[in-house]
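Going by the numbering used here, the sequence shown opens with residue 251, and the numbers climb by one from there. Don't be surprised by glycine CBs; every beta carbon is placed ideally from N, CA and C. Keep in mind that this is a model prediction, so the values were computed, not measured.
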Amino acid sequence: MRFWKKGLLATLALTGFATPVFALDVPNNELTSKRMFEFFLGEIAAQQGQFDIAIGEMTELAQDTKDPRIAQRATEMALYAKHYPAALTALDLWLTEEPNAAEAHQILSALLFTNVAQEDLAKTIKDWLATNTNGVDEMFDRLTPPIVQMHDANQSYKLVQNITEDYDQSPAAQYLLAITAFQAGQTDDALAAVNHLLDIKGDSEKAAMLKGQILGHTRPQDALDFYQQYLNQYPNAQTVRLSYARELVNQKQFKQARDQFSYLVQKNPRNADIKLAVALLTLQLKDYGSAMNQLNDLLSQGASDPSMIHYYLGGAEEDQKHWQLALDQYAQVKEGDQYFNSQVRMAIITAKQKDLPSGLDILHRLRPQDDQEAEQLMYSEEEMRRDAGDIQGAYNLLGHALKHQPENVNMLYEQAILADRLNRFDVVEDNLKRVIAIRPNYAQAYNALGYSMTERGLKLDEAKRLIEKALTITPDDPFILDSLGWVNYRLGNNAEALHALKKAYALQEDPEIAAHLGEVLWKSDSQDEAKQVWQKSLSLHPDNAALKDTMHRFIK
251 MRFWKKGLLA TLALTGFATP VFALDVPNNE LTSKRMFEFF LGEIAAQQGQ
301 FDIAIGEMTE LAQDTKDPRI AQRATEMALY AKHYPAALTA LDLWLTEEPN
351 AAEAHQILSA LLFTNVAQED LAKTIKDWLA TNTNGVDEMF DRLTPPIVQM
401 HDANQSYKLV QNITEDYDQS PAAQYLLAIT AFQAGQTDDA LAAVNHLLDI
451 KGDSEKAAML KGQILGHTRP QDALDFYQQY LNQYPNAQTV RLSYARELVN
501 QKQFKQARDQ FSYLVQKNPR NADIKLAVAL LTLQLKDYGS AMNQLNDLLS
551 QGASDPSMIH YYLGGAEEDQ KHWQLALDQY AQVKEGDQYF NSQVRMAIIT
601 AKQKDLPSGL DILHRLRPQD DQEAEQLMYS EEEMRRDAGD IQGAYNLLGH
651 ALKHQPENVN MLYEQAILAD RLNRFDVVED NLKRVIAIRP NYAQAYNALG
701 YSMTERGLKL DEAKRLIEKA LTITPDDPFI LDSLGWVNYR LGNNAEALHA
751 LKKAYALQED PEIAAHLGEV LWKSDSQDEA KQVWQKSLSL HPDNAALKDT
801 MHRFIK
């Protein structure tokens, strides 16, 4: 017996199909003498090993009675006899009468999840398609779930190319062709198939969503343009509008995404999931008042997961530095995926309120369930100690963790930043060079090393080369541009420094970038402009020490 057949029979054995002992299961339909004769003839033939007769009689009876149990018996017989085309035919009858039969879907998957030769499987399916009594689209709809779950995407695409070659006018066939091409990485083929499908059936929302997904993978703006065009033509295509909204989120166009979700809320006022999406996007846009009203409305309407709502409310209060209100919300998260994170946030907020011991006590009471949570606890404690001014304690914590994970790039990087504050430049240089050796495209490591050299006035030409290397990896990063401006300033290149710093500040109005930009402006005889930059940033960040120190050095 071939290996794939052994695997198939092993799978089917779990559902009782690999046994020659057949139990009678007489259908409840009217038992005419002819039907009784066919039923018993099929069973007796199976007992005697005459499976061609048994399968034929039982399949014909299933067609006549439309009884899913008889179709199931025909399927069992065909599988036991290894008559796979007949099994597919019987399965078709079974699923027609009982579309949600989990057992039938399991069998269909088992027939396809095998190592059968491509040409054999293709022939079996093509024979089944050619002799089916239902529509071709219905057949391809049934084939789609198991085929798209096949482990070898290239193999499944080749199979589908074979079985769909005679069905270029079948929307379901073209959908299956498009999705398997996409899974196999054949983007152009996938687009060709889905475009042909939309030519056949322009209002197919399923096809539109697939095209948007394919375009979003390689040409994100084209995906948005397509969604807009489609929705202009079919404004009531709500599933497509939902896909459009999600693609806008993927591309960080949060305001436009919120507009689309809000439209969907109007059409589906009872859909809590869409309402939650609107609330979270509103949070992302920092419209805290509106977002919190929306979240509280969900609570008052009996949210299915109130802990999740309280978690997001806690985050909104925390973002606004309403520490006690944030703690109150996080304390109401009693269970679920957000419980661990809520406790961590409570620990961090408690430490921010100048109570590091109590914050650490909350943190240390947590028991991580996996390595990811354990690492999160370590980083949270490091953050708490750092923010409380315990730089040495945070440094030591990372040092202990690195003994167990010496190649952990994130830990090496974080320890280097702390070492810089402890004036341990030997550790800064050693750690960051190790990071670069492990991950050569880690832009922030080049930038941090170059910036640290710049601050100490060491090897400024080398520092500039490191920062420029970082910028080639992540162009237009505002913090790397800030470093480039700062090293140019230290080198005496004020014009180049201003160009980089102005670009950085336009991208990110960060207070430390403002401090640097203001200083270079001041030294370039633009004191009024420097004051404007500093004052604007100070109004937004009144507690930033670097900004205030810079202003005090220049404004007497």
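Could you name the residues of the same chain whose beta carbon sits closer than 8 Å to that of residue i, not counting the 5 residues immediately before and after it, in chain order?
i, result
"valine 271", "Residue placement at valine 271 is poorly supported in this model, since its pLDDT is 33, which falls under 50; the coordinates are not used for a value here."
"proline 421", "Asp387, Leu447, Ile450, Lys451, Ser454, Ala457"
"alanine 273", "At alanine 273, the pLDDT of 37 sits below 50, so the modelled position is not reliable; the number obtained from the coordinates is stated separately. Contacts found: none."
"valine 819", "With the chain running from 251 to 806 in the structure shown, residue 819 is simply not present."
"glutamate 497", "Gly462, Gly466, Pro470, Ala473, Leu474, Tyr477"
For residue i, name the three-state secondary structure that DSSP assigns.
i, result
"glycine 452", "coil"
"valine 685", "helix"
"glutamate 415", "coil"
"glutamate 664", "helix"
"methionine 634", "helix"
"serine 608", "helix"
"glutamate 348", "coil"
"alanine 487", "coil"
"tyrosine 692", "coil"
"asparagine 518", "coil"
"isoleucine 641", "helix"
"proline 421", "helix"
"asparagine 658", "coil"
"aspartate 401", "First, the amino acid is wrong: residue 401 is histidine here, not aspartate. Residue state, collapsed to three classes: coil."
"proline 470", "helix"
"histidine 650", "helix"
"phenylalanine 620", "For the record, residue 620 in the displayed sequence is aspartate; it is not phenylalanine. Residue state, collapsed to three classes: coil."
"aspartate 680", "helix"
What's the C-alpha gap between residue i and residue j?
i, j, result
"alanine 507", "alanine 747", "37 Å"
"threonine 489", "glutamine 510", "11 Å"
"isoleucine 814", "arginine 469", "Residue 814 is absent from the structure shown; the chain starts at 251 and stops at 806."
"alanine 687", "methionine 801", "39 Å"
"histidine 333", "alanine 434", "30 Å"
"alanine 487", "leucine 662", "50 Å"
"alanine 745", "tryptophan 772", "13 Å"
"threonine 381", "aspartate 416", "14 Å"
"tryptophan 573", "glutamine 405", "56 Å"
"valine 678", "proline 690", "17 Å"
"asparagine 674", "proline 656", "Checking the sequence shown, residue 674 turns out to be arginine, not asparagine. Distance between the alpha carbons of arginine 674 and proline 656: 19 Å."
"asparagine 794", "glutamate 759", "13 Å"
"lysine 255", "alanine 321", "Residue confidence is low: lysine 255 scores 28 on pLDDT, short of 50, so the model does not pin down where it sits. Its coordinate-derived value is still stated next. The straight-line gap from Cα to Cα measures roughly 22 Å."
"arginine 777", "glutamine 785", "It is glutamine, not arginine, that sits at residue 777 in the sequence shown. In a straight line, the C-alpha of glutamine 777 is about 12 Å away from that of glutamine 785."
"proline 485", "lysine 376", "38 Å"
"proline 335", "arginine 392", "15 Å"
"alanine 796", "glutamine 501", "33 Å"
"lysine 316", "leucine 338", "16 Å"
"asparagine 658", "glutamate 632", "15 Å"
"serine 774", "asparagine 743", "11 Å"
For residue i, which residues of its own chain have a beta-carbon under 7 Å away from its beta-carbon, when the five flanking residues on both sides are left out?
i, result
"alanine 476", "For the sequence presented, residue 476 should be read as phenylalanine rather than alanine. Only Lys461, Gly462, Leu465 meet the Cβ criterion."
"alanine 232", "Lying before the first or after the last residue shown, residue 232 is absent from the chain, which here runs from 251 to 806."
"arginine 803", "none"
"glutamine 534", "Phe504"
"leucine 575", "Glu567"
"tyrosine 629", "none"
"phenylalanine 829", "Residue 829 lies beyond the residue range present for the chain, which begins at 251 and ends at 806; the question has no answer from this structure."
"isoleucine 599", "Glu568, Trp573, Ala576, Leu577"
"serine 608", "Thr600"
"proline 618", "Ala624, Leu627"
What does a CB cutoff of less than 6 Å around residue i pick up in its chain, not counting 5 residues either side in sequence?
i, result
"tryptophan 736", "Thr704, His766"
"glutamate 348", "Pro318"
"proline 519", "none"
"serine 702", "Asp670, Val678"
"alanine 720", "Ala693, Tyr696, Asn697, Ile730"
Using 8 Å for Cβ pairs, my map puts residue i next to residue j. What's the rounded Cβ distance?
i, j, result
"lysine 714", "leucine 682", "About 16 Å separates the two Cβ atoms, so there is no contact after all."
"valine 783", "tyrosine 739", "So it is not a contact: roughly 15 Å between Cβ atoms."
"isoleucine 763", "aspartate 726", "The pair is not a contact, with the Cβ atoms about 13 Å apart (cut-off 8 Å)."
"arginine 635", "alanine 624", "About 17 Å; that fails the 8 Å criterion."
"glutamate 585", "serine 554", "With 8 Å as the limit, glutamate 585 and serine 554 do not qualify as a contact, their Cβ atoms being about 13 Å apart."
"alanine 826", "alanine 541", "Outside the displayed range of the chain (251 to 806) lies residue 826, so it cannot be described from this structure."
"isoleucine 730", "alanine 695", "With 8 Å as the limit, isoleucine 730 and alanine 695 do not qualify as a contact, their Cβ atoms being about 11 Å apart."
"tyrosine 589", "glycine 564", "Their Cβ separation, rounded to whole angstroms, is 12 Å, which puts tyrosine 589 and glycine 564 out of contact at 8 Å."
"glutamine 593", "leucine 616", "6 Å"
"leucine 549", "tyrosine 562", "Going by Cβ atoms, the distance from leucine 549 to tyrosine 562 rounds to 11 Å, so no, they are not a contact pair."
Please report whether the beta-carbon of residue i lies at a distance below 7 Å from any beta-carbon of chain D.
i, result
"histidine 333", "This model lacks chain D altogether, as it is built from one protein chain only."
Under 6 Å from any heavy atom of the ligand HEM, does the C-beta of residue i make it?
i, result
"glutamine 436", "Of ligands this structure carries none, so the ligand HEM is not represented either."
| Enumerated in chain order, which unbroken segments of the beta strand (DSSP E) with a length of 3 residues or greater are wholly contained in the segment 775 to 803? | none
| field | Complete alpha helix (DSSP H) runs within the segment 701 to 768 (minimum length 4 residues, chain order) | value | 710 to 723, 728 to 740, 744 to 757
| task | Run through the segment 522 to 586 for me and flag every whole beta strand (DSSP E) of 3 or more residues, listed as ranges in chain order. | result | none
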